[in-house]
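Asker: For our numbering, add 1 to where a residue sits in the sequence shown, where the first one is 1.
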Amino acid sequence: KMQYECMFVSLFNHYGATVLLIVSVQLIYLLWMYLLAAQFSFTRAFRYITVAVPSYLTAFGTMSSTATVPVSIDAAIKNTHNVELSQLAMPIMANVHLLGDSISTPILALVTVGFFGGCLPLFSSYCSFVFYFCTTMFAVSGIPGGGILVMIPILISQLGFTADMVSVITALYFLMDSFGTAANVMGDGALVIMVNKILKKIGIAD
Numbered sequence: 002k003m004q005y006e007c008m009f010v011s012l013f014n015h016y017g018a019t020v021l022l023i024v025s026v027q028l029i030y031l032l033w034m035y036l037l038a039a040q041f042s043f044t045r046a047f048r049y050i051t052v053a054v055p056s057y058l059t060a061f062g063t064m065s066s067t068a069t070v071p072v073s074i075d076a077a078i079k080n081t082h083n084v085e086l087s088q089l090a091m092p093i094m095a096n097v098h099l100l101g102d103s104i105s106t107p108i109l110a111l112v113t114v115g116f117f118g119g120c121l122p123l124f125s126s127y128c129s130f131v132f133y134f135c136t137t138m139f140a141v142s143g144i145p146g147g148g149i150l151v152m153i154p155i156l157i158s159q160l161g162f163t164a165d166m167v168s169v170i171t172a173l174y175f176l177m178d179s180f181g182t183a184a185n186v187m188g189d190g191a192l193v194i195m196v197n198k199i200l201k202k203i204g205i206a207d
């Protein structure tokens, strides 16, 4: 539909650099998380990432953190060797640890306001938006498009989004949702490794 209405090329021309920035920030952040989980051992981090790649690809294809839970649990078990923690933590984090959305939505909102309004929002207004964004994200389900659907009222009330702006950011979100969902799941894999190591240090896990 977007291609038929000649919207796709227009969006790519105006937001191509933004999309590249968002994906780059997601990948850099994921690399940092896995290095932190591996205690800055590049060899160990590479091994963790290799094990977690199937969950990344599954999330990319399904656009759903929830649908990827079986694959992410399997990767977490291989990386932590803690079956109980993996089976408990991965389904929970599929709905509360939304790394991709937390990077993509604020950047897309900022660029959209600048594009339509010609200037960036006030710092106080953007801080207010970020506060409501962070609290609202806990209500998001790990399903395709879940993030942007619950954020629309916040975008309208905090950043003054019009109907046209909502249409544009929604279209962009769905186009990028595969990258965001894959980042969510990959981030879950790093986080569960960190949690497992903390539990070992305090003597809760073997």
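Where is the CB? At the ideal position from N, CA and C, for every residue including glycine.
For the stretch 13–24 against the stretch 159–168, do three or more pairs of beta-carbon atoms, one drawn from each stretch, fall closer than 8 Å, so that the two count as touching?
Answerer: Contact between the stretch 13–24 and the stretch 159–168 is absent, because fewer than three Cβ pairs lie under 8 Å.
Asker: Locate the alpha helix (DSSP H) running through Asn197, then write down its first and last residues.
Answerer: Asn197 -> alpha helix (DSSP H) spans Ala164 to Lys202.
Asker: Please state if the CB of Gly101 and the CB of Asn185 are separated by a distance shorter than 8 Å.
Answerer: Against a cut-off of 8 Å, the Cβ pair of Gly101 and Asn185 comes out as a contact.
Asker: For Leu36, collect the residues of the same chain with a Cβ closer than 6 Å to its Cβ; drop the 5 residues on either side in sequence, then sort them by chain order.
Answerer: The answer, listed in chain order, is Ala46.
Asker: Counting only the same chain and skipping the five closest in sequence on each side, list residues whose C-beta sits under 7 Å from that of Val20.
Answerer: Closer than 7 Å at Cβ, skipping near neighbours: Met177.
Asker: Report yes if the C-beta distance between Ala53 and Met195 is below 8 Å; otherwise report no.
Answerer: Cβ distance not < 8 Å, so Ala53 and Met195 don't count as in contact.
Asker: Are there three or more Cβ pairs, one per stretch, closer than 8 Å when the stretch 109–127 is compared with the stretch 146–161?
Answerer: The stretch 109–127 vs the stretch 146–161: in contact.
Asker: Using the rule of at least 16 other Cβ atoms within 10 Å of the residue's Cβ for burial, across every protein chain shown, is His98 buried or exposed?
Answerer: Buried: at least 16 other Cβ atoms inside 10 Å.
Asker: Short check: CB of Ala60 to CB of Ala183, under 8 Å?
Answerer: Yes, Cβ-Cβ distance for Ala60 and Ala183 is below 8 Å.
Asker: If I measure Cβ to Cβ from Gly115 and keep anything under 7 Å in the same chain, skipping five residues before and after, which residues do I get?
Answerer: Result list for Gly115: Leu121, in chain order.
Asker: In whole angstroms, give me the CA-to-CA distance for Phe180 and Val24.
Answerer: About 7 Å.
Asker: Could you tell me the boundaries of the alpha helix (DSSP H) in which Phe139 lies?
Answerer: That residue, Phe139, is in no alpha helix (DSSP H); it is neither H nor E in DSSP.
Asker: Nearest to Val193 by alpha carbon, out of Ser103, Gly62 and Leu86?
Answerer: The candidate whose alpha carbon is nearest that of Val193 is Leu86.
Asker: Exposed or buried, which one is Phe130 when buried takes at least 16 other CB atoms within 10 Å?
Answerer: Label assigned to Phe130: buried.
Asker: On the CB-based measure, 16 or more other CB atoms within 10 Å of its CB, does Gly148 come out buried or exposed?
Answerer: So Gly148 counts as buried.
Asker: Give the DSSP-derived three-state secondary structure of Ser65 in the structure shown.
Answerer: Coil at Ser65, not helix or strand.
Asker: Once DSSP output is grouped into helix, strand and coil, what is the label at Leu31?
Answerer: Residue state, collapsed to three classes: helix.
Asker: Measuring straight from C-alpha to C-alpha, what distance separates Asn83 and Val26?
Answerer: Rounded to whole angstroms, Asn83 to Val26 spans 30 Å at the Cα level.
Asker: Provide the residue span of the alpha helix (DSSP H) that contains Gln104, from first to last.
Answerer: Sequence check: residue 104 is Ile here, not Gln. Leu100 to Gly118 is the span of the alpha helix (DSSP H), which, as asked, contains Ile104.
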